[in-house]
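A short worksheet on the structure shown next.
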Amino acid sequence: GLPRPVKISLVDTAELAGAEESSLGDADPETGLPGQLSAYVVVKDPRMTVVPHFFSAPECDHLLQLVEGSWIPSLVGQATHTSEEDYGKGSLENTLSKTRTSWSCMIRYAQDSVVERLEHRLSKLAGMPLENLERMNMVRYAPGEHFDEHHDGKFRPVTIFVYLNELPEDDTAGETFFPVLGVSFKPRRGTAVMWFNVVGDMEDSRMLHAGLAPSKAVKYGVNCFFNVNEMRHLAQFTPDAPFEDLTTVHVSELSSKSSQVVAYRLCPNPKLIAVPGFLQTAECFALLELAACAKHRGQILASRNPFANATRTLRLLKTAETPLIKEIEERLAGVAGLGVDYLGPLRLVAASPQPGLNNRGCGPKTAHVCLSKSRSQVIFPKLGVRLILEEGDLIMWPNVNWDTETAVEDIRTVCTHPAIQTAHSRNQAELPTLGIDAFFHDNPIREQQSRRHFVTEEEAAEIVNSLGTEQELAAPGA
83 GLPRPVKISL
93 VDTAELAGAE
103 ESSLGDADPE
113 TGLPGQLSAY
123 VVVKDPRMTV
133 VPHFFSAPEC
143 DHLLQLVEGS
153 WIPSLVGQAT
163 HTSEEDYGKG
173 SLENTLSKTR
183 TSWSCMIRYA
193 QDSVVERLEH
203 RLSKLAGMPL
213 ENLERMNMVR
223 YAPGEHFDEH
233 HDGKFRPVTI
243 FVYLNELPED
253 DTAGETFFPV
263 LGVSFKPRRG
273 TAVMWFNVVG
283 DMEDSRMLHA
293 GLAPSKAVKY
303 GVNCFFNVNE
313 MRHLAQFTPD
323 APFEDLTTVH
333 VSELSSKSSQ
343 VVAYRLCPNP
353 KLIAVPGFLQ
363 TAECFALLEL
373 AACAKHRGQI
383 LASRNPFANA
393 TRTLRLLKTA
403 ETPLIKEIEE
413 RLAGVAGLGV
423 DYLGPLRLVA
433 ASPQPGLNNR
443 GCGPKTAHVC
453 LSKSRSQVIF
463 PKLGVRLILE
473 EGDLIMWPNV
483 NWDTETAVED
493 IRTVCTHPAI
503 QTAHSRNQAE
513 LPTLGIDAFF
523 HDNPIREQQS
533 RRHFVTEEEA
543 AEIVNSLGTE
553 QELAAPGA
């Protein structure tokens, strides 16, 4: 193998950017980004660049909220030992390995407007076509979890890794370490690290790196890989229909008053379906009681947060948390025509009234159930459809189009939930619509999550406290 230097240089962007912090300018109201960004070349050959604040703090927090409950044990693929054709088709052998004990989640292309903006920003930094960007791969390392030395593969010319949070200052672990280059990167929220995986048409073996285990807190980041092939395919853009031209459908009026659950197809392609009265009034009440018992999640979102109007998760329900929830999950799987293993944890949500800020979910199919007492609306502007929902009504749609052998992100199903207008005495108010968001995943997420114990942030803190500050942690479940 290549020689490895004894001396290790630690790159801390807080020190690099420290002198410029005061001149960053006011934050952009739409993104939370500072007024200016600076890139630093920290290794000349092979070229490695860091960009502090490349993702703003609100953007980092937003990404983590999008994938809540969707983490699965990270897999190891044979990217460097397969053909380019297989790689382009995703025909890789991905398996659990003791060399990688972290957790991961793939974000959908343009999962919401924030993700889409980040994808364009990544493409500009990498100098690569947007179409070559793979789906952003979120990663999570609890104390003791790691990813041993590996290479991202010659089929990925460029890698950009962005840290989504910071570790405690006394946590001296958790860096991204390049052993051949003798350089290590300290996690700093929003910092992007970019490197090239090839020299000419050959894999650059100097770019071997490892995700070192944090010792005192959970570390979050996102892998952004640019592929040699076109990976990102979006359905052809169609203009939004004017409000006055929308076709209005009252979902409750579709009901035949039958005691059976009946699904109605509202649109053939993409397949938008509705199920009136999917939940009974008593079931909706029981779910709202669970939301009322949850801590107020809105406190996380400061008033200056540019994404304060995004869909808020009021409570993430545990899988089969109660007999009722288990029954609802099975009912949802039946409507979707998928096994319940593909269904992620249900979310009790306050839906976003702002276009582009509703979470479509990380998987190929999404469902929404109305829990609001007042009549609510869901608008699909690209389909020209306005749905009127009563309490308990369900709608379901695909996020991916498979008309060809290529998966195409079906952004025609992007929707918005206008706020409910209420009047109390002489005052008018707007309330978000309440509901359940149900996300079906590409793979059997429940079976995958059962393979290894998921260490929550609270558990991580308890482990650290019980073991003391000096004891090295082993990877849980490794």
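Be aware that the sequence shown starts at 83, since it is given in the numbering used here, and climbs by one per residue. Heads up, the beta-carbon is just placed ideally off N, CA and C, and yes, glycines get one too. Everything numeric in this text was worked out from a predicted model, so none of it was measured.
Margin query: Our contact map puts Phe360 next to Asp475 with C-beta atoms below 8 Å; I'd like the distance itself, whole angstroms only.
Written below: The C-beta distance from Phe360 to Asp475 rounds to 6 Å, short enough to meet the 8 Å contact threshold.
Next item on the list: Could you tell me the boundaries of the alpha helix (DSSP H) in which Ser205 lies?
Entry: Element bounds for Ser205: Ser195 to Ala208.
Notebook entry, point to check: Any idea what DSSP makes of His535, helix, strand or coil?
Noted result: Three-state DSSP puts His535 in coil, outside helix and strand.
Note to self: Bridge partners for Cys452 per DSSP, in chain order?
What the structure shows: When beta bridges are read from the DSSP output, Cys452 appears opposite Gly517.
Notebook entry, point to check: Once you ignore the five residues that flank Leu383 on each side, which residues in its own chain have a CB closer than 6 Å to its CB?
Noted result: Any reading at Leu383 must be qualified, since the residue scores a pLDDT of 40, below 50, and its modelled position is unreliable; the value itself is stated next. Here the set comprises Ala390.
Next item on the list: Take the Cβ of Cys49 as the centre, count every other Cβ of all protein chains shown within 10 Å, and call the residue buried at 16 or more, exposed below.
Entry: Outside the modelled stretch of the chain, which goes from 83 to 560, sits residue 49, for which no answer is possible.
Next item on the list: Could you give the DSSP three-state label for Gly416: helix, strand or coil?
Entry: Taken through DSSP and simplified to helix, strand or coil, Gly416 comes out as helix.
Item checked: Length at least 3, wholly inside the stretch 227-302: the beta strand (DSSP E) runs in chain order -> Listed in chain order, the beta strand (DSSP E) runs fully inside the stretch 227-302 are 229-232, 240-245, 258-260, 265-267, 274-278 and 291-293, counting runs of at least 3 residues.
Check: Exposed or buried, Cys375, counting other C-beta atoms within 10 Å across all chains shown (16 or more means buried)?
Finding: Exposed.
Check: According to the Cβ coordinates, are Phe259 and Leu294 closer than 8 Å?
Finding: Yes, they are a contact pair.
Check: For Ser91, which of Val265, Arg271 and Glu251 has the nearest alpha-carbon?
Finding: Each of Val265, Arg271 and Glu251 was checked against the Cα of Ser91, and the nearest Cα belongs to Val265.
Check: For Thr95, which residues of its own chain have a beta-carbon under 6 Å away from its beta-carbon, when the five flanking residues on both sides are left out?
Finding: Hits under 6 Å: Val132, Pro134, Arg270 and Thr273.
Check: By how many angstroms is the C-alpha of Leu414 removed from the C-alpha of Arg203?
Finding: Near 36 Å, if we compare the C-alpha coordinates of Leu414 and Arg203.
Margin query: Three or more C-beta pairs under 8 Å: does that hold for the stretch 422-437 against the stretch 520-540?
Written below: With three or more CB-CB distances shorter than 8 Å, the stretch 422-437 counts as touching the stretch 520-540.
Notebook entry, point to check: Do Ala520 and Ala449 have their C-beta atoms closer together than 8 Å?
Noted result: The Cβ atoms of Ala520 and Ala449 sit closer than 8 Å to each other.
Next item on the list: Return the chain-ordered ranges of every beta strand (DSSP E) run that is complete within the stretch 324-354 and spans a minimum of 3 residues.
Entry: Those beta strand (DSSP E) runs which fall completely within the stretch 324-354 and span 3+ residues are 329-332 and 346-349.
Note to self: Which of the three DSSP states is assigned to Arg182 in this structure?
What the structure shows: In this structure, Arg182 counts as strand in the three-state DSSP scheme.
Note to self: Considering just the uninterrupted stretch of the beta strand (DSSP E) at Arg395, what are its terminal residues?
What the structure shows: The residue you asked about is not Arg; residue 395 is Thr in the sequence shown. Taken as a continuous stretch (DSSP letters only), the beta strand (DSSP E) holding Thr395 covers Arg394 to Leu398.
Note to self: Once DSSP output is grouped into helix, strand and coil, what is the label at Tyr424?
What the structure shows: Under the three-state reduction of DSSP output, Tyr424 falls in the helix class.
Check: Does DSSP put Glu541 in a helix, in a strand, or in coil?
Finding: Glu541: helix per DSSP, three-state reduction.
Check: Who are the near neighbours of Val280 in its chain, counting only those whose CB is closer than 6 Å to its CB and skipping five residues on each side?
Finding: Around Val280: Lys236, Pro239 and Asp286.
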